[in-house]
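Everything on this sheet refers to the single structure shown next.
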Amino acid sequence: MRIELLGRVRAFGDDGKAIEIRGALLRGLLARLALASGRAVQSDILIDDLWGADPPADAANALQALVSRLRRTLGGVWWVESVFGGYRLAVRDVDAFRFEDLLARGRDALITGRPRKAAELLGEALGLWRGAPLADVGELEFAVSAAARWEALRLSAAEDRFEAELRLGGHETILAEVEAAGARHPLRERLAALRMRALAAAGRQSEALAVFEHVRGRLDEELGVEPGQELCDTHLAVLRGDYGHARARPRLPLRLTSFVGREHELKQILELMETSRLVTIVGPGGAGKSRLAVEVVIRHPAYRSGRLWFVSLAAVDTPDGLVDAVLRSLGVRQAVPAAPLEQVAELIQDDPAILVLDNCERLVEDVAQLAHELLERLPYLHILITSRQSLAIAGEAVYQLGPLEEPEAVRLFRDRMAGVRPGVALDEAVIADICRRLDGLPLALELAAARLRTMSVTQIARRLDDRFRLLTSGNRTALPHQRTLHAVVEWSWDLLSDEERTLARRFAVFTGGAGEAAVEAVCGSVYVLDSLVEKSFVEAAGGRYRMLETIRAYAAEELRRSGEQAEVRAWFVRHFRLLAEEHEPALRSHDQLRAFAVLDAEHDNLIDAMRTAIAGEDADAAWRLLLSLYWYWYTRYDARSEKLVADVLAFGDALPADVRAVLTAIQVLGGNQAVPPAAEARPLIDACIRTGAVERFAVAVPLVLAAVTVYGFADLADSELRKAREHRDPWARASAYWLEATGRGDDGDWQDAMEALAEALRRFEELGERVGLVMTLNSLARVHSIGGEHEAAIAALERGALLAAEIGIGEEIWHLTELAGERSRAGDQDGARHAVELARSLVNPRVRRHSEIGLWRRVAELHRRTGELEEAEQAVGELAALGGALSMDERAVAQLVAPARLANLLAAGRVEAARELFPAAVQTCLNERAAATAAELLARLLLLEGDAYGAATALGLSQAIRGAFDRGEPELAALAAELTDRLGAPRYEQAYRAGAEQSRHEALAKLSEPVG
């Protein structure tokens, strides 16, 4: 709730919409309560303030009725609270009090020498006014006094703002306002003084003096008094010319292009300059420090006063040259040999001024000494420094300037592109990629845009791997170290010591940045790491260090030239192999969140270490890295992993037999392609068992057991399950129980399945392993769902989804999809759609695309349940497209979509098309171990064909196959009820038992009979 009193009385709800307050008394009551600022107002005071000397006969009841009206109007009794003897408005957001707060803060900023902040706060305060305060209740006595007070504060706030703007040199922007205010308040002396100062600063000295004479005459004529001290002092200052024309604007580097972005940085640096006399802008070469400094100072009052000097030190490399450069900027062609520093101080004088020292990195110590001495001698001097490292002296405020954020980088590139090839439509995605790969460095982006004279953006993007040869078309009038990207980085490189260069070139192997421990392990020393940060060669954030890609590319070339590249890369591979091996077991334990965090942070380095090992033909390091990351990639899918698996397998006989077996199984059975036929899968499983890969690698246990279950290799099931239960790794043993439960449930053995699930849940809880818990909870939810226990199923799925989100596993899409299905079965279609939309929002390149199969099936199902058959069929089309993306052939795609498409056809009553599609749907259900679903589809088909008895028998077959009737599916309950109505209860039971009493094997065989 928000109340406005600085104008007509208004109220606004929490949604920002205006609330109509009808009646002057009602507005008066609201205003009076609001004036109390959250304090209670006694009833007798309210009566007196609202009705004055003529209250109604029953004033107390009249007030109570008015309060009730106000409560209804505001939307709730809680807004106007009854307290002992009165009432309290439970609203603190009142514009009048916000105005007073801003005014107080603005005055404080003005008093403490922060005119820019003062102008901002006071401008915001005055912006709250909409007219005369309490305008529509002005006849009430309390309103008259409150309005008079606020009007006085408003005028005072305007004067304070004029003062702040004058101190900032903004006389031109406020002159019209000051003159208008002076006309309204001709006897206000402070306002007259401000008006005189603004006129004098604008070069209108005679008009300023005329203002003084006019005000003095009015004061004498109307009040019989002389002007006060402030006005007289201002008169004398105007006569002396203290407020005369601003000096000629200082010479600054020529600005031939527009300034894009950096609004936030400008504001922050200007605020720093209000509180610090020495501000240093630090950043890497090409970040735009010099241009930003220019933009800062032209917004500073010193620019308008002319007391600003810009000194470029890019070509200066000696202490004597430093002072000479400063003197030249002050207009001196020859320094006094004995005392050049005194000469500088005398020329700047003891008045407010700014000295900008640009490109100080070659003379940091000398600039630090100069700045210290000048600041000590000249108390009103401010110095702005640009450098690739700070001065590190007392009183220095350092502003770290980084690259442009991507939106600003794109804006800059497009702006510079327009100057080279105006009107050309370009691919936004390619431009964004160029900006990212060039680190958002303004100079690099400008050099890239310049290449558009002869190249397309696509060509530029393709050649960025050789950026130093590409980006050489710089400004011919710029200093040599600013003309090419290579020269920019080389300038910084030359400033490093030998030890710093050694660390910098070795650091180039870290594609993903690094922590201090990794730097020490790979580079051999971290003693000068902070120095590289100080010199803007390395960035530090969150305990990690990284190089901009452009700097890293330069350092990598220096590493190649040094002759130590092979040795450093070997250290790099060794370190990250050991890191991966150390954290692999933790991924499957209670410590997995920490392990995932470590591997997440080092993921790019781990990938690069593996590629380095492969390129260096280090088969041992390559496979150890790969298998240590397998479970990580299972939960955080990375498409690059499949190529890496293939590359490591290419080592062939150089790999141990068990390693080769498990990697081949991962490639074929655990990849992102279509599921292979049983004849192809069996030899892979046999090889994992024969070579001992299952015993050696814990992650091979679920891979092999899942394949045994899915393909129905009964001769292996019991023996492999028994061995897995006795595995040396506790996580592998827990996985064995979960997979046993899955197999038992698929076979209809619900009692044994529940026992195995309970054991798996216990073991995963004991381990604290969230991924296993998620999978077990989903299996548990399936059991509850079949039993019609929707609340228990949803609770298990919700817990699983929360755990999946906590660990950030890619399978979160699958879990949300299952939750959507269960909500739909429970009748909560809105909740189901919400879960599906959330799942769709999580689709990204780091999620296995197989997760999307269930998602699109669920989308189709939800539309079908609500009668949206056209949308349901569109979802089936998306599913088919996904199958194509997964490299499935036409037949495999047709089978993939068959169950969902058949369900749509049955819902639409298209019997012939459904009958034709049924064999493909049955085959898909059998392949996916969902044969009971095929029996349920058959029941619907037979009913549409008029065979109610056969439909009831088919429902019985679903129980024979699954081991239980699906009591949680409302569509099956409705189907059973319809069949009972058609057949009668006895005949329905007879038909149902005819299917349910068959063996599972017989029931599976029956599924093909209707189309035989």
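Under this note's numbering, the first residue of the sequence shown carries the number 1, and numbering increases by one thereafter. All residues carry an ideal CB built from backbone N, CA and C; glycine is no exception.
Where does ALA248 fall in DSSP's three states? Locating residue 248 in the sequence shown gives position 248, where the first residue counts as 1. Per-residue confidence for ALA248 stands at a pLDDT of 49, beneath the threshold of 50, marking its modelled position as unreliable; no derived number is given.
Rounded C-alpha distance that separates GLY712 from LEU780: As a working mapping, residue 712 is identified with position 712 in the sequence shown. As a working mapping, residue 780 is identified with position 780 in the sequence shown. Rounded to whole angstroms, GLY712 and LEU780 show a C-alpha spacing of 22 Å.
Residue range of the unbroken beta strand (DSSP E) whose run includes GLU539: Position 539 of the sequence shown, counted from the first residue, corresponds to residue 539. Under the DSSP assignment, GLU539 falls in the beta strand (DSSP E) whose first and last residues are 539-541.
Assign TYR380 to buried or exposed, taking buried as 16 or more other Cβ atoms, counted over all protein chains shown, within 10 Å of its Cβ. As a position in the sequence shown, residue 380 is number 380, starting the count at 1. Exposed.
If we count the other Cβ atoms within 10 Å of its Cβ and call it buried at 16 or more, is ASP600 buried or exposed? Within the sequence shown, the letter at position 600 stands for residue 600. The Cβ neighbour count for ASP600, taken over all protein chains shown within 10 Å, is under 16; the residue is labelled exposed.
If you run the structure through DSSP and keep just helix, strand and coil, what is ALA1003? As a first step, residue 1003 must be located in the sequence shown, where it is residue number 1003. In this structure, ALA1003 counts as helix in the three-state DSSP scheme.
Excluding the 5 residues preceding and the 5 following LEU401 in the sequence, name in chain order all residues of the same chain whose CB lies nearer than 8 Å to its CB. What you label residue 401 is simply residue 401 of the sequence shown in a count that begins at 1. If we look at LEU401 and ignore the five residues flanking it on each side, its Cβ neighbours are GLU265, ILE281, VAL282, GLY283, ALA287, GLY288, LYS289, LEU292.
How far does the alpha helix (DSSP H) with SER536 in it extend, from its first residue to its last? As a working mapping, residue 536 is identified with position 536 in the sequence shown. Here SER536 belongs to no alpha helix (DSSP H), and DSSP marks it neither H nor E.
Quick check: the Cα distance between LEU948 and GLY821, rounded to an integer number of angstroms? As a working note, residue 948 is residue 948 in the sequence shown. As a working note, residue 821 is residue 821 in the sequence shown. In the sequence as presented, Leu is not what sits at residue 948; that position holds Ala. Their backbone Cα atoms lie some 28 Å apart in a straight line.
Nearest to LEU181 by alpha carbon, out of ALA202, LEU168, ALA164, ARG154? Here the question's residue 181 lines up with position 181 in the sequence shown. With the sequence shown as reference, residue 181 is identified as Ala, and Leu is not the correct amino acid for it. ALA181 has its Cα closest to that of ARG154, out of ALA202, LEU168, ALA164, ARG154.
What separation, rounded to the nearest whole angstrom, lies between the Cα atoms of GLY995 and TRP814? As a position in the sequence shown, residue 995 is number 995, starting the count at 1. As a position in the sequence shown, residue 814 is number 814, starting the count at 1. One C-alpha to the other measures close to 33 Å.
Touching by the beta-carbon criterion (3+ pairs, under 8 Å), the segment 568-587 and the segment 620-631: Touching, yes.
Runs of beta strand (DSSP E) wholly within the segment 393-417 (minimum 3 residues, chain order): The qualifying runs are 396-400.
Given a cut-off of 8 Å, decide if ALA104 and VAL279 are closer than it, judged by their beta-carbon atoms. Looking up residue 279 in the sequence shown gives position 279. Looking up residue 104 in the sequence shown gives position 104. At least 8 Å separates the beta-carbon of VAL279 from that of ALA104.
Starting from the C-beta of GLN895, find all residues in its chain whose C-beta is less than 7 Å away, skip the five residues before and the five after it, and write them out in chain order. Taking the first residue of the sequence shown as position 1, residue 895 is located at position 895. Excluding five sequence positions before and after GLN895, the CB atoms of its chain that fall closer than 7 Å to its own CB belong to ALA920, GLN923, THR924, given in chain order.
Can you tell me which residues form a DSSP beta bridge with TYR545? Here residue 545 corresponds to residue number 545 of the sequence shown, with the count starting at 1. ALA514, ALA540, per the DSSP bridge assignment.
ASP715: buried (16+ other C-beta within 10 angstroms of its C-beta) or exposed? Locating residue 715 in the sequence shown gives position 715, counting from the first residue. Exposed, because fewer than 16 other Cβ atoms sit within 10 Å of the Cβ of ASP715.
In terms of residues, what are the limits of the beta strand (DSSP E) holding ALA11? Along the sequence shown, one-based indexing puts residue 11 at 11. In this chain, the beta strand (DSSP E) harbouring ALA11 covers 10-12.
Would you grab the beta carbon distance between ARG728 and ALA736 for me? Rounded to a whole angstrom, and I think it's under 8 Å. Position 728 of the sequence shown, counting from 1, holds the residue named residue 728. Position 736 of the sequence shown, counting from 1, holds the residue named residue 736. No, ARG728 and ALA736 are not in contact; Cβ-Cβ is about 12 Å, not under 8 Å.
For ALA315, the nearest candidate out of GLN565, ALA839, ALA325 (CA to CA): Along the sequence shown, one-based indexing puts residue 315 at 315. The option with the nearest alpha carbon to ALA315 is ALA325.
Should LEU503 and LEU532 be called a contact, given that it needs their Cβ atoms to be closer than 8 Å? On the sequence shown, residue 503 is found 503 positions in, with the first residue counted as 1. On the sequence shown, residue 532 is found 532 positions in, with the first residue counted as 1. Between LEU503 and LEU532, the gap from beta carbon to beta carbon is short of 8 Å.
Please classify TYR87: does DSSP put it in a helix, a strand, or coil? Indexing the sequence shown from 1 puts residue 87 at position 87. Reduced to three states, the DSSP call for TYR87 is strand.
Report yes or no: do the segment 600-612 and the segment 749-763 share at least 3 C-beta pairs separated by less than 8 Å? Under the 8 Å Cβ criterion, the segment 600-612 does not count as touching the segment 749-763, having fewer than three qualifying pairs.
Nearest CA to the CA of VAL80: which residue from LEU29, TRP129, ILE111, ILE434? Counting from 1 along the sequence shown, the entry for residue 80 is found at position 80. The shortest C-alpha to C-alpha distance from VAL80 to any of LEU29, TRP129, ILE111, ILE434 is the one to LEU29.
Please return the same chain residues whose Cβ sits closer than 7 Å to the Cβ of GLY884, not counting the five positions on each side in sequence. Within the sequence shown, numbered from 1, the residue matching residue 884 stands at position 884. In its chain, beyond the 5 residues on either side, VAL893 have a beta carbon closer than 7 Å to the beta carbon of GLY884.
Using 8 Å as the threshold, is the segment 923-940 in touch with the segment 995-1008, meaning 3 or more CB pairs across them? With the cut-off at 8 Å, the segment 923-940 and the segment 995-1008 touch.
Excluding the five sequence neighbours on either side, which residues of its own chain have a C-beta within less than 8 Å of the C-beta of THR173, listed in chain order? One-based indexing of the sequence shown puts residue 173 at position 173. By the criterion of a C-beta distance shorter than 8 Å, THR173 is surrounded in its chain by GLU165, once the five residues flanking it on both sides are discounted.
Residue burial classification, PRO986 (beta-carbon count within 10 angstroms, cutoff 16): Residue mapping note: residue 986 aligns to position 986 of the sequence shown, counting from 1. By the 10 Å Cβ count, PRO986 comes out exposed.
Could you pull the DSSP bridge partners for GLN42 from this structure? Locating residue 42 in the sequence shown gives position 42, counting from the first residue. For GLN42, the pairing in a beta bridge is given by DSSP as GLY86.
Would you report the Cα separation of ALA930 and ALA839, rounded to the nearest angstrom? Against the sequence shown, residue 930 aligns to sequence position 930. Against the sequence shown, residue 839 aligns to sequence position 839. So the two alpha carbons sit approximately 23 Å from each other.
Below 8 Å on the Cβ atoms is my guess for ILE961 versus GLY748; work out the distance and round it to an integer in Å. By 1-based counting over the sequence shown, the position of residue 961 is 961. By 1-based counting over the sequence shown, the position of residue 748 is 748. Rounded, the Cβ-Cβ distance is 6 Å, consistent with contact.
Considering only the beta carbon of each residue, do GLY261 and LEU404 sit closer than 8 Å? Stepping through the sequence shown from its first residue, residue 261 is reached at position 261. Stepping through the sequence shown from its first residue, residue 404 is reached at position 404. Taking 8 Å as the Cβ cut-off, GLY261 and LEU404 qualify as a contacting pair.
Given the structure, does TYR949 come close to the ligand ATP, in the sense that its CB is under 7 Å from one of the ligand's heavy atoms? Ligands displayed in this structure: none; no statement on the ligand ATP is therefore possible.
Compare the Cα-Cα distances from GLU558 to each of ALA518, ARG501, GLU263 and report the closest residue. Your numbering for residue 558 matches position 558 in the sequence shown. Of the residues ALA518, ARG501, GLU263, the one whose Cα lies closest to the Cα of GLU558 is ARG501.
Identify whether PHE713 lies in helix, strand or coil by the three-state DSSP scheme. For the purposes of this step, residue 713 is identified with residue 713 of the sequence shown, where counting begins at 1. In the three-state scheme derived from DSSP, where H, G and I count as helix and E and B as strand, PHE713 is classed as coil.
N- and C-terminal bounds of the beta strand (DSSP E) containing ILE354: Counting from 1 along the sequence shown, the entry for residue 354 is found at position 354. Segment 353-358, the beta strand (DSSP E) holding ILE354.
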